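Residue numbers (full-length UniProt numbering), protein chains in the order written: chain A, 1 to 339; chain B, 1 to 339. Report on one structure; see the data block that follows.
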DNA sequence: TTGTAGGCGTTATCAT
DNA sequence: ATGATAACGCCTACAA
């Protein structure tokens with residue numbers, strides 16, 4: 001066959017279905033949209049016609065008439081460059097896409113060029129979208145909450161200061177960190193240090209708070225703190241500083257698995273056994289957790305679930321269903337060999 | 001009616017702009033769409049009105065009337081689960097998104113559930129999209145080329161057997177492999193082995209062919225071949241088999257960086273120095289390349305560019321511009337310390 | 001329960 | 001160059 005570069009036969013319309021089924025367009029519309037009040041026999045012949053013609057409603061027409069787009073936008077504030085390579089982002093998107101697949105909503109992505117945020121803003125407010133999902137890495141960046149009241153928006157992570165109006169879903173970092181630490185206290189460890197994350201990031205702050213809460217609850221010293229920036233190297237450096245304090249440390253809670261990885265190397269280079277001499281618990285349950293030796297006991301960070309929940313909340317918002325404004329997802333302890 | 005929760009003032013319409021500018025809707029439409037034949041002064045007042053009202057064309061209406069959606073779909077045949085976590089996929093998408101950002105096309109993703117490909121098919125052919133981009137991992141899976149002739153489609157990677165009709169863009173694996181090998185022959189290596197990729201994947205086949213071509217060109221033995229499956233472990237195993245042949249090998253071209261990493265460990269465990277005793281060149285220039293020690297000399301695989309080119313070709317196709325059916329992207333040698 | 005008819009915001013075809 | 005006036009395909013009161 002000769003490949004025409006042009007389009008082919010036009011898609012069947014509601015009207016054609018109506019003709020074939022011998023009913024009015026209104027009836028077809030009702031059947032297609034699952035209206036409750038339609039005579040079963042009619043519905044039947046309509047459905048037959050739909051299949052015969054392989055009819056699919058035209059989205060644009062539907063949107064124009066109903067003023068609903070059935071589209072939600074994934075807004076990526078960062079410069080397009082690196083986002084997609086980030087496994088965190090990838091997992092969130094996966095969760096979103098998976099949930100949306102169970103609905104009739106479509107996902108479309110727009111990376112708001114910081115060069116021209118107004119363009120993005122106008123697009124969103126131009127009636128082209130039913131709702132917005134914001135996944136940023138500047139944790140707490142809710143600058144797009146201005147859209148609230150105009151258009152439903154759901155954020156990943158809570159804002160730096162919760163003004164009580166934006167919808168968001170976050171992982172319960174504090175509880176997770178406390179659980180990680182409890183694994184240590186529960187095993188009789190008495191000198192528990194932590195390699196904290198950056199204190200200008202919510203995850204860093206919350207995880208440190210969780211560690212501190214549990215350590216105090218157990219009546220232990222809460223001064224064994226060194227901070228890193230979530231990288232392997234910073235974890236190693238922090239572990240080194242901790243050890244150089246000359247105190248006898250028998251356990252470490254690292255605020256993420258990468259820093260735990262850094263701690264491993266220092267611990268091992270100093271001849272300390274894991275977990276015999278020093279037990280280690282991480283956070284995130286990522287690639288590093290399983291590839292380390294001994295395998296890292298850590299806190300599972302439900303990133304995909306986070307995305308799924310975001311999408312769920314947004315759809316609820318769009319359809320006017322009552323929804324919690326803030327959702328905090330629980331974490332779980334994954335026990336392996338390091339603690 | 002009662003007030004809808006959250007929603008606000010309706011977006012300004014073309015009609016409102018026309019009223020404010022004191023012209024007809026047709027004229028406004030012309031101005032907005034940059035029609036050549038409009039009186040400058042008129043255009044001016046229209047633009048003023050557009051800004052004043054912060055007018056944005058309604059996408060659905062525009063689509064309905066023009067029968068153009070300005071939307072392209074990224075089709076992901078795999079099961080949703082793992083795709084996003086794959087760095088290759090992530091980079092391709094990044095390239096696509098970046099290019100599309102320079103156009104007026106929107107990107108929307110649909111992961112075709114293998115459970116129900118017909119649904120996807122109907123959506124695509126239902127006039128909801130102007131074109132399709134297919135990124136699959138089953139290299140050569142062009143099962144969606146059936147859409148050709150109905151809707152423009154561009155694939156990542158060439159089909160197993162090129163029937164001469166589907167548009168695709170691929171990286172020149174063969175040339176890249178030859179360049180990698182030439183780095184070795186050029187340095188006077190005489191006994192050059194290769195750790196080939198799976199021979200049921202195009203990348204595996206092409207890279208082996210490139211190695212073979214260069215090795216023969218240099219008049220060397222082309223029997224030093226062992227195959228892996230692109231994983232680190234398989235690379236180590238292949239290296240071991242190569243060494244166990246008892247031949248004196250002074251260089252190795254690994255079909256990807258991960259297998260090169262595996263080769264490194266075996267080489268080092270047998271006390272062979274890199275590159276003094278055995279020079280190594282990889283392919284992909286990924287994370288492994290820089291984290292290995294000594295840093296790996298490798299072939300840069302332009303994944304992001306691949307995505308960008310795909311989008312470019314698709315848009316050209318949609319707009320009826322002449323375009324090459326097959327695009328082969330050049331690779332480049334990245335010289336580091338292993339060869 | 002089913003059909004009629006008006007409209008959703010643009011583009012496109014004609015005249016003018 | 002500009003302006004009426006149909007479509008575009010569907011939804012939704014409202015009427016029957």
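All C-beta atoms in this analysis are idealised placements derived from N, C-alpha and C, irrespective of residue type, glycine included. Predicted, not measured: the structure shown is a model, and the values here were computed from it.
CB contact flag (residue 285 of chain B, residue 299 of chain B, <8 angstroms): yes
Please return the same chain residues whose Cβ sits closer than 6 angstroms to the Cβ of residue 229 of chain A, not counting the five positions on each side in sequence. 198
Could you check where the beta strand (DSSP E) with residue 131 of chain B kicks off and where it finishes? 131-134
Can you tell which of B:50, B:163 and B:307 has its C-alpha closest to the C-alpha of residue 21 of chain B? B:50
Taking DSSP as the reference, what is the three-state secondary structure of residue 88 of chain B? helix
If you follow the alpha helix (DSSP H) that residue 218 of chain B is part of, which residue opens it and which one closes it? Run containing residue 218 of chain B: none; DSSP gives neither H nor E here.
Can you name the start and end residues of the alpha helix (DSSP H) that residue 293 of chain B belongs to? That residue, residue 293 of chain B, is in no alpha helix (DSSP H); it is neither H nor E in DSSP.
Residues of chain B with a CB under 7 angstroms from the CB of residue 61 of chain A: which are they? 64
Pick out whichever of A:45, A:128 and A:108 has its Cα sitting closest to the Cα of residue 59 of chain B. A:128
Would you be able to state if there are at least three C-beta pairs under 8 angstroms between the stretch 99-115 of chain A and the stretch 27-42 of chain A? no
Does chain B have any CB closer than 8 angstroms to the CB of residue 127 of chain A? yes
Indicate whether residue 242 of chain A and residue 264 of chain A have their beta-carbon atoms separated by less than 8 angstroms. no
Rank B:131, B:144, B:10 and B:17 by C-alpha distance to the C-alpha of residue 150 of chain A and give the top, closest one. B:10
Considering just the uninterrupted stretch of the beta strand (DSSP E) at residue 226 of chain B, what are its terminal residues? 225-227
Taking 8 angstroms as the CB-CB cut-off, is residue 111 of chain A touching chain B? yes
Are the CB atoms of residue 195 of chain B and residue 254 of chain B nearer to each other than 8 angstroms? yes
Excluding the 5 residues flanking residue 297 of chain A on each side, which residues of the same chain have their C-beta closer than 6 angstroms to its C-beta? 281, 335, 336, 338 and 339
Do we get a CB-CB distance below 8 angstroms when we pair residue 26 of chain A with the residues of chain B? no
If you compare alpha carbons, which of A:105, A:111, A:48 and A:36 is closest to residue 68 of chain A? A:105
Taking 8 angstroms as the threshold, find out whether the stretch 216-235 of chain A comes into contact with the stretch 158-172 of chain A through three or more Cβ pairs. no
Quick one: measure Cβ to Cβ for residue 184 of chain A and residue 279 of chain A, integer angstroms, because I've assumed they're closer than 8 angstroms. 6 angstroms
Give the DSSP-derived three-state secondary structure of residue 339 of chain A in the structure shown. coil
Measure the Cβ-Cβ separation of residue 305 of chain A and residue 333 of chain A and say whether it is below 8 angstroms. no
Any chain A beta carbon closer than 8 angstroms to residue 173 of chain B: no
Coarse secondary structure for residue 50 of chain B, derived from DSSP in three states: helix
When you compare the CB positions of residue 361 of chain A and residue 53 of chain A, do they come within less than 8 angstroms of one another, or not? Nothing can be reported for residue 361 of chain A: it is not among the residues displayed for chain A, which extend from 1 to 339.
Can you list, in chain order, the residues of the stretch 313-337 of chain A whose Cβ is nearer than 7 angstroms to any Cβ on chain B? 320
Is residue 107 of chain B close to chain A, meaning its C-beta is less than 8 angstroms from at least one C-beta of that chain? yes
Enclosing beta strand (DSSP E) for residue 318 of chain A [first to last residue]: From DSSP, residue 318 of chain A is part of no beta strand (DSSP E) but of the alpha helix (DSSP H) over 303-318.
Within-8 angstroms CB hit, residue 69 of chain A to chain B: yes
Quickly, what does DSSP pair residue 167 of chain B with across the bridge? List them, please. B:154
Answer yes or no: does any C-beta atom of chain A fall closer than 8 angstroms to that of residue 56 of chain B? yes
Go ahead and label residue 322 of chain A buried or exposed: buried means 16 or more other beta carbons lie within 10 angstroms of its beta carbon, across all protein chains shown. exposed
Check whether the Cβ atoms of residue 111 of chain A and residue 97 of chain B sit closer than 8 angstroms, and answer yes or no. yes
Taking the beta carbon of residue 275 of chain B as the centre, do at least 16 other beta carbons fall within 10 Å, making it buried, or is it exposed? buried
Do residue 212 of chain A and residue 222 of chain A come within 8 angstroms of each other at the CB atom, strictly closer than that value? yes
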